[in-house]
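**Student:**
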Amino acid sequence: MKKINNLLILSLIILSIFMLTSCKQEVEEVFTKMPVMHINLDKDYPLKNINREDYKKATISLTNLPDEYMLEEVGAEFRGRGHGSWGYSKKGYKIKFNDKQGLFGLSENKHWVIVAGGHDDSLIRSNLAYTIVNDVLDNIKYQTAVYEIEVYINNSYHGVYSLFEQIRADKGRVDINSKFNELDTGYLIEYDAYAEAEGIKDIETFTVPGLRYHFLIKGPKMADYEEKGLTEEEAKAQNAYIRDYVREVYAALFKKDQAKFNELADAKSFIDMYIIHELFKNSDTGWSSFYLYKPKGDKLYAGPAWDFDLSSASREHKNRGDYGYSGFYVSGKASGSAYDASNFTSSELYISLMEQSWFVDLFKERFLEVSDAIKISIENYYNKISTEDYIAAFQRDAERWTKSSNLWEREQRTLKYWLNKRIDWLKEWCEE
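Per our numbering, the sequence shown starts with residue 1, numbered consecutively.
1) If you draw a straight line from the alpha carbon of S22 to that of I275, how long is it in whole angstroms?
2) Would you mind sorting D42 into buried or exposed? The rule is 16 or more other CB atoms within 10 Å of its CB.
3) Hey, does E204 have any beta-carbon neighbour from chain B nearer than 8 Å?
4) Short of 6 Å in beta carbon distance, which residues of its chain neighbour R243, apart from the five on each side in sequence? Order them along the chain.
5) Do I378 and L188 have their C-beta atoms within less than 8 Å of each other?
6) Suppose contacts are defined by Cβ-Cβ distances below 8 Å. Is S347 in contact with V330 by that definition?
7) Taking the DSSP output, what are the residues bridged to M37?
8) Do you know offhand how far E428's Cα is from I385's?
9) Would DSSP call V360 helix, strand or coil?
10) Note down the Cα distance separating S311 from F280, rounded to an integer number of angstroms.
11) What residues in its chain sit with their C-beta under 7 Å from that of E204, if we drop five residues either side in the sequence?
12) Roughly how many angstroms separate the alpha carbons of E77 and I423, rounded to a whole number?
13) Touching or not, the segment 69-87 and the segment 109-124, by the rule of three or more beta carbon pairs under 8 Å?
14) Could you tell me the distance, in whole angstroms, from the CA atom of N89 to the CA atom of K260?
15) Would you call the CB atoms of I149 and M273 closer than 8 Å?
16) State the DSSP-derived secondary structure class of L264, mapped to helix, strand or coil.
17) For E108 versus K100, is the C-beta spacing smaller than 8 Å?
18) Residue ranges of each beta strand (DSSP E) run of no fewer than 3 residues wholly in the segment 262-313, ordered along the chain?
19) Does A169 come out as helix, strand or coil in the three-state DSSP assignment?
20) Determine the direct distance from the alpha carbon of D284 to that of E68, and round the result to whole angstroms.
21) So within the segment 71-151, which uninterrupted beta strand (DSSP E) runs reach at least 3 residues, ignoring any that extend past its ends?
22) Quick one: Cα of D298 to Cα of A251, how far?
23) What's the C-alpha gap between L264 and L300?
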């Protein structure tokens with residue numbers, strides 16, 4: 001009888017622990033206003049075996065949302081994403097749904113990304129940059145929407161992630177009607193230090209005299225040329241068309257030919273893109289994730305903006321020169337600029353443009369026009385993330401990954417102060 005009682009007591013203890021654990025997870029999900037994404041890999045495939053090349057089957061659920069936006073075990077494929085950020089414990093991932101999904105009421109698409117913010121202890125730098133673009137810098141089109149979510153993978157809590165629309169030439173994304181086997185079609189290209197190693201030369205990638213890295217054609221996706229029925233010669237002809245156009249733009253730029261540059265490129269989009277990069281002192285402007293697009297029969301445009309975690313005095317940004325809120329970092333050549341301290345990531349594009357008085361004058365005019373609105377956008381974003389529910393979510397992320405109780409909070413507070421001081425400095429410079 002004593003043995004039976006002991007077994008009964010042990011069973012009750014185990015049941016109590018299980019119930020407490022379940023309740024804790026339920027409380028986290030019920031009382032956070034941050035949406036929750038559950039990613040369950042097929043047949044409990046181990047997350048540690050996920051890589052950046054191979055998709056694995058998964059189901060995706062979205063909860064803590066109005067009913068019309070919730071998902072329940074929707075079929076998808078799942079893989080890793082990112083370059084330098086892939087080395088962190090908290091990794092980013094790519095989601096490819098089996099059927100198009102309009103997450104959060106956005107345009108339907110199969111392709112989405114969840115970004116971990118491995119370089120960014122505030123978890124919000126890119127989110128805030130994209131928010132400013134969407135709110136204020138309207139000469140940059142096709143910018144991703146921004147959603148903070150909490151993520152569970154295989155029922156294990158993985159913290160706060162940012163859900164973004166993957167940049168691609170597609171309806172509802174960079175909507176430029178990219179087609180194969182047409183020379184004058186819509187093109188989406190990325191200036192990317194990784195392009196040479198990852199793309200097919202003269203089909204996916206091309207070079208421009210005066211630039212150290214390659215461009216990668218993202219739309220049409222030239223790697224698929226064979227399955228789209230193109231010969232190698234036809235694919236190379238399409239590559240050559242956009243290559244030659246972009247070379248003309250940069251030739252005009254480096255020759256300081258204002259009329260030719262404005263004939264071939266949309267200066268307003270390049271100015272807005274410069275504003276967001278210089279505002280954040282983005283150290284990757286001349287490295288990668290710098291997108292341009294050309295609609296059929298139209299000019300070359302800058303955008304969408306992407307990847308701002310190595311900026312604005314973030315942890316690793318501090319190893320790349322002057323991270324104070326004053327000075328010109330992206331376009332400058334002074335001590336502490338990207339050109340001086342991180343030359344391999346400096347932007348030949350904006351160094352050259354800001355040496356030309358016409359561009360400087362337009363930059364000054366535009367920045368003075370939008371500076372107050374940028375401050376309002378920043379304030380509104382912070383109001384959103386400063387609720388008790390968001391704070392609790394960021395704290396859970398900290399407990400999961402950094403073991404530091406207030407690093408994220410300190411970083412978010414510092415970022416807000418830094419950006420507002422940066423705006424003041426740039427505004428004062430523009431008014432001189």
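We put the beta carbon where it would ideally sit given N, CA and C, even for glycine.
**Tutor:** In short, the structure shows the following:
1) Counting from 1 along the sequence shown, the entry for residue 22 is found at position 22. Counting from 1 along the sequence shown, the entry for residue 275 is found at position 275. Bear in mind that a pLDDT of 39 at S22, under 50, signals an unreliable position, so the number given afterwards is only what the model happens to contain. Distance between the alpha carbons of S22 and I275: 47 Å.
2) As a working mapping, residue 42 is identified with position 42 in the sequence shown. The residue is exposed, with fewer than 16 neighbouring Cβ atoms inside 10 Å.
3) Looking at the structure shown, chain B is missing, and only one protein chain is on hand.
4) Locating residue 243 in the sequence shown gives position 243, where the first residue counts as 1. Excluding the 5 residues flanking it on each side, R243 has same chain C-beta neighbours closer than 6 Å at F206, in chain order.
5) Your numbering for residue 378 matches position 378 in the sequence shown. Your numbering for residue 188 matches position 188 in the sequence shown. With respect to L188, I378 sits apart: the two C-beta atoms are not nearer than 8 Å.
6) Here residue 347 refers to the residue found at position 347 of the sequence shown. Here residue 330 refers to the residue found at position 330 of the sequence shown. Yes, Cβ-Cβ distance for S347 and V330 is below 8 Å.
7) Within the sequence shown, the letter at position 37 stands for residue 37. M37 is bridged to L62 and V151.
8) Here residue 428 refers to the residue found at position 428 when the sequence shown is read from its first residue. Here residue 385 refers to the residue found at position 385 when the sequence shown is read from its first residue. Going from the Cα of E428 to the Cα of I385 covers about 29 Å.
9) Residue numbering aside, residue 360 sits at position 360 when the sequence shown is read from its first letter. Helix at V360.
10) Residue numbering aside, residue 311 sits at position 311 when the sequence shown is read from its first letter. Residue numbering aside, residue 280 sits at position 280 when the sequence shown is read from its first letter. Taking C-alpha positions only, S311 is separated from F280 by approximately 6 Å.
11) Residue numbering aside, residue 204 sits at position 204 when the sequence shown is read from its first letter. Within the same chain, E204 has close Cβ partners L216, I217, M222 and A223.
12) Here residue 77 is taken as the residue at index 77 of the sequence shown, counted from 1. Here residue 423 is taken as the residue at index 423 of the sequence shown, counted from 1. Between E77 and I423, the C-alpha separation is close to 42 Å.
13) Segment contact: the segment 69-87 against the segment 109-124, three or more CB-CB distances shorter than 8 Å; contact assigned.
14) The sequence position of residue 89 within the sequence shown is 89, counting from 1. The sequence position of residue 260 within the sequence shown is 260, counting from 1. Looking at the sequence provided, one finds Ser at residue 89 rather than Asn. C-alpha separation (whole angstroms): 48 Å.
15) Here residue 149 refers to the residue found at position 149 when the sequence shown is read from its first residue. Here residue 273 refers to the residue found at position 273 when the sequence shown is read from its first residue. Taking a C-beta distance under 8 Å as the contact criterion, I149 and M273 do not qualify as a contact pair.
16) Against the sequence shown, residue 264 aligns to sequence position 264. Note: L264 maps to helix in three-state DSSP.
17) As a first step, residue 108 must be located in the sequence shown, where it is residue number 108. As a first step, residue 100 must be located in the sequence shown, where it is residue number 100. Yes, these two residues count as a Cβ contact at 8 Å.
18) Annotation note: the segment 262-313 contains the following uninterrupted beta strand (DSSP E) runs of length 3 or greater, listed N- to C-terminal: 290-294.
19) For the purposes of this step, residue 169 is taken as the residue at position 169 of the sequence shown. In this structure, A169 counts as strand in the three-state DSSP scheme.
20) As a first step, residue 68 is located in the sequence shown; it is residue number 68 there, counting from the start. As a first step, residue 284 is located in the sequence shown; it is residue number 284 there, counting from the start. Their Cα atoms are separated by approximately 38 Å.
21) Secondary structure remark: continuous beta strand (DSSP E) runs of at least 3 residues inside the segment 71-151, in chain order: 71-81, 92-101 and 109-115.
22) On the sequence shown, position 298 is the one that residue 298 refers to. On the sequence shown, position 251 is the one that residue 251 refers to. When rounded, the distance between both Cα atoms is 18 Å.
23) In the sequence shown, counting from the first residue as 1, residue 264 sits at position 264. In the sequence shown, counting from the first residue as 1, residue 300 sits at position 300. In this structure, the alpha-carbon of L264 lies about 6 Å from that of L300.
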